[in-house]
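Notes to accompany the following structure.
Residue numbers (the numbering used here): 533 to 754.
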């Protein structure tokens with residue numbers, strides 16, 4: 533009986549790991565097809581909704597330079613919701629996750645938990661009964677979060693859901709950082725090319741000018 537239970541436990545772990553790997557591979561394939569940041573948000577958000585049976589899914593991104601939190605992806609009851617960017621603030625589930633880099637899961641007593649954290653409903657969204665928030669961590673900073681919300685059921689999210697969403701968040705964090713580095717590299721490359729072109733033009737003009745001693749010759753060369 534002990535060996536049977538142990539075999540079943542290991543089989544369950546193996547199945548979960550296989551599911552995680554399959555999801556990671558599919559997410560990374562979707563990410564690999566996109567080079568722009570919004571494309572990554574859309575691909576990951578859609579994939580998470582598919583994995584969690586069309587759950588309400590939100591992606592929030594924090595910009596430490598401006599102190600703003602952005603909402604590039606938010607779907608509730610199958611509808612895309614547009615939420616305006618706002619200052620991060622000091623209260624709420626989201627700010628807590630981003631400041632502490634800790635996962636939050638609330639499966640019951642939502643009203644009390646919202647009061648405890650000073651949280652509030654986002655515009656256009658309903659009152660949740662269960663919520664799961666996982667940070668998007670790059671280095672030692674949270675650059676945002678992924679959240680699942682269930683407005684119908686308490687105890688909607690299990691430990692395996694937490695582990696799976698954390699795995700997806702890690703994959704997304706790497707993809708976002710790669711996309712950011714790609715954009716930054718392209719920007720710096722463009723600046724370098726512009727500067728090289730400017731120097732080439734200046735050198736050719738100066739060479740032309742050096743060969744001319746009269747004013748009209750300088751005008752013609754320039």
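Using N, Cα and C, we set each Cβ at its ideal position, and we do this for glycine too.
Rounded C-alpha distance that separates residue i from residue j
{"i": "residue 736", "j": "residue 718", "result": "27 angstroms"}
{"i": "residue 535", "j": "residue 651", "result": "47 angstroms"}
{"i": "residue 568", "j": "residue 677", "result": "19 angstroms"}
{"i": "residue 672", "j": "residue 629", "result": "13 angstroms"}
{"i": "residue 595", "j": "residue 692", "result": "30 angstroms"}
{"i": "residue 726", "j": "residue 733", "result": "11 angstroms"}
{"i": "residue 645", "j": "residue 723", "result": "50 angstroms"}
{"i": "residue 624", "j": "residue 688", "result": "20 angstroms"}
{"i": "residue 611", "j": "residue 669", "result": "27 angstroms"}
{"i": "residue 662", "j": "residue 584", "result": "14 angstroms"}
{"i": "residue 571", "j": "residue 603", "result": "14 angstroms"}
{"i": "residue 598", "j": "residue 575", "result": "26 angstroms"}
{"i": "residue 639", "j": "residue 647", "result": "15 angstroms"}
{"i": "residue 729", "j": "residue 711", "result": "27 angstroms"}
Residues of its chain near residue i, where Cβ-Cβ distance is below 8 angstroms and the 5 sequence neighbours each way are ignored
{"i": "residue 754", "result": "737, 740 and 741"}
{"i": "residue 659", "result": "642, 653 and 683"}
{"i": "residue 694", "result": "635, 637, 664 and 666"}
{"i": "residue 580", "result": "587, 589, 678, 680, 697 and 700"}
Presumed contact (8 angstroms Cβ cut-off) between residue i and residue j, rounded CB distance
{"i": "residue 626", "j": "residue 592", "result": "6 angstroms"}
{"i": "residue 546", "j": "residue 613", "result": "Actually they are not in contact, since the Cβ atoms of residue 546 and residue 613 sit about 38 angstroms apart, beyond 8 angstroms."}
{"i": "residue 666", "j": "residue 703", "result": "Contact flag wrong, Cβ pair sits at about 12 angstroms."}
{"i": "residue 588", "j": "residue 681", "result": "4 angstroms"}
{"i": "residue 655", "j": "residue 615", "result": "6 angstroms"}
Coarse secondary structure for residue i, derived from DSSP in three states
{"i": "residue 665", "result": "strand"}
{"i": "residue 689", "result": "coil"}
{"i": "residue 612", "result": "strand"}
{"i": "residue 620", "result": "coil"}
{"i": "residue 649", "result": "helix"}
{"i": "residue 576", "result": "helix"}
{"i": "residue 638", "result": "strand"}
{"i": "residue 657", "result": "coil"}
{"i": "residue 712", "result": "helix"}
{"i": "residue 550", "result": "helix"}
{"i": "residue 735", "result": "helix"}
{"i": "residue 754", "result": "coil"}
{"i": "residue 633", "result": "coil"}
{"i": "residue 565", "result": "coil"}
{"i": "residue 584", "result": "coil"}
Beta-ladder partner(s) of residue i, from DSSP
{"i": "residue 674", "result": "669"}
{"i": "residue 592", "result": "677"}
{"i": "residue 682", "result": "662"}
{"i": "residue 601", "result": "594 and 618"}
{"i": "residue 607", "result": "589 and 612"}
Own chain partners of residue i with C-beta closer than 7 angstroms, once the 5 adjacent residues on each side are dropped
{"i": "residue 577", "result": "589, 591, 605 and 607"}
{"i": "residue 744", "result": "750 and 753"}
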